[in-house]
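The sequence shown runs contiguously to residue 1005 in my numbering.
Here is the structure we will look at, set down as structure tokens.
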Amino acid sequence: MGGQGAGRRLAGRHPEHHIGRLLRLGVLWLLLLLASPLAAQTVAPPLRDYAIDVWTSRNGLPHNSLRDIAQTPEGHLWFATWEGLVRYNGLDFTVFDRSTRPGLRDNGIGALLVDRQGGLWISDSRGNVTYRSNAGQWRVWEHQANTPEVLIQSMQMDSQGRLWLLYEGKGIGYLTPETGIVYQPPPPDLPLAMSFTKLVVDAQDRVWIGTLDGLVLRDNDGELKRAPAEWGVDKGLTWPYRAPDGALWIVAGERLYRVEDDRLVLVHSLPGQLHMTAMLQDRHGDLWLGTENQGLLRISSHGLERLPAGLNLPGGRVVSLREDAEGSIWVGANGGLYRLRETLFSSYTERDGLSGDYVRTVFEDRDHRLWVGSASGLDQQTADGRFRPMPLHNRGGKAPSVLSLAQGPEGDLWVGTFGDGVYRLRADGSLRHNYDAADGMPGGNIRAISIDAAGVVWAGTQKGVVRIEGERVQVSDVPGMPGGLITALEHDHQGNLWIGTIEGIRVLRGDHVQSIDLAPMGGGRSVFGFHQIGDAMWISSDRGLYRWYKDRLSRVGLEQGMPVDTVFQLVPDRLGNVWISSNRGVLRTDMATLNAVADGRTPRVAVERYNEIDGMANAQANGSSGPSAILRQNGSFWVVTAGGLSTVDPQRLQRFRERPAPPAAIENVQVDGAPVLWEGPERNLIPGGRRLAVSFVGLSYLMSDRIRYRTRLEGLDAGWVERGPQRSVEFVGLPPGDYTLHVAASHPGGAWGQQEAVWSFTIQPFWWQRHSVQALIGLLLLGALVALYRFLLQQYKASNLRLARRVDEATFDLQAQTVHLQALNQEKTELAERLARQAEAFERQAREDALTGLANRRGFDETLSRDFARSQRSGHPLSLVVLDIDHFKYVNDTYSHSIGDLVLKEVAEVIAAACRDSDLPARTGGEEFALLLNDTRLEEAAQVCARLRGLFHDHPDWAGVKGLRVTFSAGLVELANDDRTPALLYQRADRALYRAKSDGRDRTSIG
């Protein structure tokens, strides 16, 4: 049975198969016709619109080469690396290797597979296979004497439950829990010694194996052979891929085939010398292709796409591809991990042809052409979506900085600039005239232009409002007009001109000016934009939104639920949404809610905020220019930012808002700070009186840091307790009994997830709380009371005869007891004093480093938290230095650990000598020290570091070792507004320390 026989079996068919195939094709075409409207709605965006996130060993991966990626049903992502198995929850990486418990037999992970029960299969570089069940139980099948001790490159499971294994260069085998590993050596005439990393099992349980010299098949008769010769895939790199829909694909060179009725059908032939190394068919039916050295490709309705240049993605071969449950594409390469995710916003930057990324204004003319003004000039969008610069130059021959745009009734485009006046362009972009000082145009900024119904152009300058009629520029002389910087202009439906300044609003109504003072209501001063909706004029300012309606002013600001003070532009869309640009992202609400709050019918407005994680080029939208945000005629919203131009189609909003709630998962459980094995069918028994801490996570990878949580502890809580973004809960002193903890998660503004994390446990009683012990104590007490009663009765009868003598004896005894009690009381007092002194010593030892006498990490953390809170309240400066002794391991290894301890003591003495009384030096671990500098600016702290470095350099013969020189590297930071917690401040200092070490050590890096 050779290759030709295999070809006959694969190609053979019966006449009835033709009829069946025609019927299947007819049904398929009918389904495609019916589903076409739905399919049109779920087409993936162009590749350039995906947001990309990158992880490497700098971000917590133990190794940059990712051989495989898997996702288990509860939502965790798993990565196979050369330094262990990695689990990811969207925020943290957890590594499983030979050092962990449970541990692996080898750190080099070859392949991952999730079976139908949700268990995870793991292969390694020594021929071992490990299984982790969905309940967290681990089992290992080690390689046997008759199985290769090499890397298992790929694993697939057939319909019989056999796990097929591809040994690197050594053939294949399969594993069943009952029989273990069954190995099948390769015949000498097959190229399995050059096996590639791909093995698949098709619907008929045939095993297909990729090699560097053609495709190999294991048919159902168990024979290994080459693929049919008529397929023409017997040379070069060829490998199989089975798509989620069950289709079998063959990748051969630059060609992609699909196997249909045991025949190869050429689907795509890609141009260029491509070596494809990975493939994925996503939920849209698009094909993602990883290559050896040309990155990632996609074949979709947009054609053959490549990622834009200049993204600085991990390089090398793309080894693995995976689409997660939320539709994101994960790419494992030799140089790291990256993820492509669809975002609500799309963005345009210099990569797309913009002259500059600092965009100030955007405008759509009546011919649907988009114009973009930036600090680097004026651009126009072309039909292919890219931008081209307009040939606009100032007197110095450079492109002007464009701040405002408008279109006149004749179609001319009016362009306001920074310092170069106003340009008037024809519809084709050619210059008609430049209005500057020679025409009477005041110098400075032209931040706003508005054109009235008569075609008169009104421009806002730094010296008030000017009118441009024909070739004449005239400064408005109407009494009451502002004479300073103009930040916004807008004509309302009645022809009145609304003028925004840095001192409120002026409204030119015919020949008189109305002044509207915002300051009494919320303190508003600077006005950045106007937008009329019906009879109401909405005003964007530095104190939120104002509404002028029926000669009455109302406000929607921070106090009413707006997340920021300063907003630039309000733009309603056609679906009822209102989009608001700000320095801290784009805000979205609805018009009905805004009006209800402005009317006083609703106390607060609900707002969603979008930033870079949602696809914006930059969260800082620009304002004080016009227009800074628009709604195009196709219904899309566009906004200018400090990092490019961003846009969103409101029709896509509902699909993103209906994103399923993230499933909740418990990450770990600790009792008194020690981790416990909480997974498994057995109910956990927790001793009474312990501190129980449970960490959990919502398994979404799109907005991991925004997920909100709630918990309910059956047996204690009457209902759900909302935790906000807090990812852990702690219980102390729970009464004995049975408990079940429920955890649910939700996206911001979304529904709570139905897939809860549930963990049941029992708090055991103390020995004296057990019912049997309590009953025994009760019986003993009752017996003692009876015996006491009988004894007292007998004593009473006998006491009448000896009363006098007993009174004397009792008196003597009482006196003796008094003396004894006084002595006992004195001993108690002395004991209490000794205990107090010991407690004070223990308290000091708990916060003091035993070796150096400095504060330890606990003492330092407590002081940092206290001084952090004090500095935030008072506004006093606070600086933090984290320093690390350079090459300290060399000192230990060369001179002994005792010399190292002496060095640490001397380092502590030098640091302490350089500190003020208000400073806190501490040893935070090993050779790492920290210095907390109260009321110290960054520059003063830098001087302290320099002085300390000088003391180190001047210190001779450290630890008495002649010629021993000790230096340190330090990270220095000052408390900033973004440091919301002491941990964030410490992390910045730690990152600065890392840079100091990377830059050569013996230096201070400022973070």
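Backbone N, C-alpha and C fix where the C-beta goes; we use that ideal spot for every residue, glycine too.
These figures come from a predicted structure and were not determined experimentally.
Quick check: residue i and residue j, are their CB atoms within less than 8 Å of each other?
i: I248; j: V231; result: yes
i: V576; j: M560; result: no
i: G1033; j: R504; result: Because residue 1033 is not part of the residues shown, which for the chain are -1 to 1005, the question remains open.
i: G371; j: R358; result: yes
i: L1089; j: I909; result: The question about residue 1089 has no answer here: the residues shown for the chain are numbered -1 through 1005.
i: S579; j: A627; result: yes
i: I497; j: L483; result: no
i: D450; j: G383; result: no
i: P661; j: R706; result: no
i: S877; j: A830; result: no
i: T92; j: R85; result: yes
i: G234; j: D211; result: yes
i: N132; j: L697; result: no
i: L403; j: F343; result: no
i: L222; j: R204; result: no
Secondary structure at residue i, three-state DSSP: helix, strand or coil?
i: D437; result: helix
i: F764; result: coil
i: E656; result: coil
i: W229; result: helix
i: Y787; result: helix
i: R103; result: coil
i: M388; result: coil
i: N443; result: strand
i: P561; result: coil
i: M153; result: strand
i: M277; result: strand
i: L585; result: strand
i: W750; result: coil
i: L23; result: Here L23 scores only 36 on pLDDT, less than 50, and its place in the model is too uncertain to base an answer on.
i: G527; result: strand
i: Q567; result: strand
i: D426; result: coil
i: E324; result: coil
For the alpha helix (DSSP H) containing residue i, list its first residue and its last residue.
i: T999; result: Checking the displayed sequence, the identity of residue 999 turns out to be Arg instead of Thr. No alpha helix (DSSP H) holds R999; DSSP gives it neither H nor E.
I need the boundaries of the beta strand (DSSP E) containing residue i, first residue and last residue.
i: K396; result: Element bounds for K396: n/a, residue is neither H nor E.
i: V595; result: Here V595 belongs to no beta strand (DSSP E); instead the alpha helix (DSSP H) covers M589 to D597.
i: Q158; result: Q158 -> no beta strand (DSSP E), and no H or E assigned at all.
i: I466; result: G462 to E467
i: Q202; result: Looking at the DSSP string, Q202 is not in any beta strand (DSSP E), and its letter there is neither H nor E.
i: K223; result: L222 to R224
i: G969; result: F966 to E972
i: P238; result: T236 to R240
i: M535; result: A534 to S539
i: L272; result: Where L272 is concerned, there is no enclosing beta strand (DSSP E), given that its DSSP letter is neither H nor E.
i: H491; result: Per DSSP, H491 belongs to no beta strand (DSSP E) and is neither H nor E.
i: S579; result: N575 to S580
i: E606; result: E606 to Y608
i: L254; result: R253 to E258
Specify whether the stretch 39 to 55 and the stretch 298 to 306 touch according to this definition: at least 3 beta carbon pairs, one from each stretch, less than 8 Å apart.
yes
Checklist entry - For the stretch 862 to 943, which segments carrying the alpha helix (DSSP H) assignment without a break, of at least 4 residues, lie completely within its bounds, in sequence order? => result Counting whole runs of 4 or more residues, the stretch 862 to 943 contains the alpha helix (DSSP H) stretches 886 to 893 and 895 to 911.
Between the stretch 79 to 94 and the stretch 368 to 383, can you find at least three pairs of beta-carbon atoms closer than 8 Å?
no
Q) Just checking, does the stretch 646 to 663 make contact with the stretch 392 to 401 on the three C-beta pairs under 8 Å criterion? A) no
Check: Do the stretch 333 to 340 and the stretch 589 to 600 meet, that is, are 3 or more Cβ pairs less than 8 Å apart?
Finding: Contact fails: fewer than three Cβ-Cβ distances are below 8 Å.
Could you pull out every unbroken alpha helix (DSSP H) segment of at least 4 residues lying fully inside the stretch 790 to 846, listed in chain order? 801 to 844
Legend entry - Sequence ranges, alpha helix (DSSP H) only - wholly within the stretch 631 to 718, length at least 4: The qualifying runs are 651 to 655.
ask   = Can we say the stretch 849 to 860 touches the stretch 896 to 913, given the rule of at least three CB pairs closer than 8 Å?
value = Touching, per the Cβ criterion.
**OP:** Determine contact between the stretch 135 to 155 and the stretch 109 to 124, defined as no fewer than three beta-carbon pairs at a distance below 8 Å.
**Re:** yes
Do the stretch 49 to 57 and the stretch 299 to 318 meet, that is, are 3 or more Cβ pairs less than 8 Å apart? Verdict: yes, contact present.
Q: Within the stretch 125 to 152, note down every full alpha helix (DSSP H) run reaching 4 residues or more, in order along the chain.
A: none
Could you tell me whether the stretch 640 to 653 touches the stretch 679 to 688, where touching means 3 or more Cβ pairs closer than 8 Å? no
*asked:* Across the stretch 432 to 446 and the stretch 412 to 420, are there enough close Cβ pairs to call them in contact, namely three or more that are closer than 8 Å?
replied: yes
Would you check if the stretch 178 to 197 and the stretch 129 to 147 touch, i.e. whether three or more CB-CB distances between them fall below 8 Å?
-> yes
Discussion item. Can you confirm whether the stretch 725 to 733 touches the stretch 348 to 363 when touching is taken to mean that 3 or more C-beta pairs between the two stretches lie within less than 8 Å?
Written reply: no
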